[in-house]
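Take a look at the structure set out below.
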Amino acid sequence: SWDSRHTVESKMLNAKKKSIKSLFLPYIQDVAFQSMVCRLMYPDLKVSSWLMMPDRAKKMKCSPGHDMLIESSGPMGNILPSLDETIHAIDDSIATLMNVDELVEIALTSEVTYPGGMKGE
Numbered sequence: 046s047w048d049s050r051h052t053v054e055s056k057m058l059n060a061k062k063k064s065i066k067s068l069f070l071p072y073i074q075d076v077a078f079q080s081m082v083c084r085l086m087y088p089d090l091k092v093s094s095w096l097m098m099p100d101r102a103k104k105m106k107c108s109p110g111h112d113m114l115i116e117s118s119g120p121m122g123n124i125l126p127s128l129d130e131t132i133h134a135i136d137d138s139i140a141t142l143m144n145v146d147e148l149v150e151i152a153l154t155s156e157v158t159y160p161g162g163m164k165g166e
């Protein structure tokens with residue numbers, strides 16, 4: 046998850062701003078691969094890379110009465126909101142779209158390292 050109260054660089058880059066933190070590295074490597082494929086297929090286009098992440102700084106918008114379980118007289122007791130109600134409530138209020146172009150460049154141009162180094166081969 047993400048917290049939009051911070052910048053991408055302050056949370057995803059290590060202190061020296063030269064490498065991506067391991068927590069976010071798989072996400073950035075995935076986007077970097079997709080970006081590389083698009084650049085190879087469409088060399089005349091500028092490719093911009095974005096991630097949408099759940100945002101801990103945001104609260105989900107819910108209809109009144111759906112922020113808690115709904116009482117039901119049926120055999121199941123408490124029930125959750127329907128799928129349609131849930132889909133309607135989920136929008137950009139709980140996610141943040143982040144530009145990760147700088148991180149993609151770092152991932153594409155930096156050396157690949159493995160946890161624990163090369164020992165044990």
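Residue numbers for the sequence shown, in our numbering: 46 to 166. We treat Cβ as the ideally placed atom computed from N, Cα and C, and that holds for glycine. Nothing here was measured: the structure is a model prediction, and the numbers come from that model.
- Residue pairing by DSSP places Asp100 opposite Trp47 in a beta bridge.
- With contacts defined by Cβ atoms closer than 7 Å, Val145 and Leu96 form a contacting pair.
- For Leu70, the enclosing alpha helix (DSSP H) covers residues 70-86.
- Inter-residue distance for Lys63 and Ser155 is about 9 Å (C-alpha atoms, whole angstroms).
- Rounded to the nearest whole angstrom, the CA to CA distance from Phe78 to Trp47 is 21 Å.
- Going by C-alpha positions, Ser80 is about 31 Å away from Lys104.
- Under the DSSP assignment, Ala152 falls outside any beta strand (DSSP E), being part of the alpha helix (DSSP H) whose first and last residues are 146-154.
- A residue is called buried when at least 16 other Cβ atoms come within 10 angstroms of its Cβ; Val149 meets this threshold and is buried.
- For Leu58, the three-state secondary structure derived from DSSP is strand.
- If the five residues before and after Lys66 are omitted, its C-beta is found closer than 8 Å to the C-beta atoms of Lys56, Met57, Leu58, Asn59, all from its own chain and listed in chain order.
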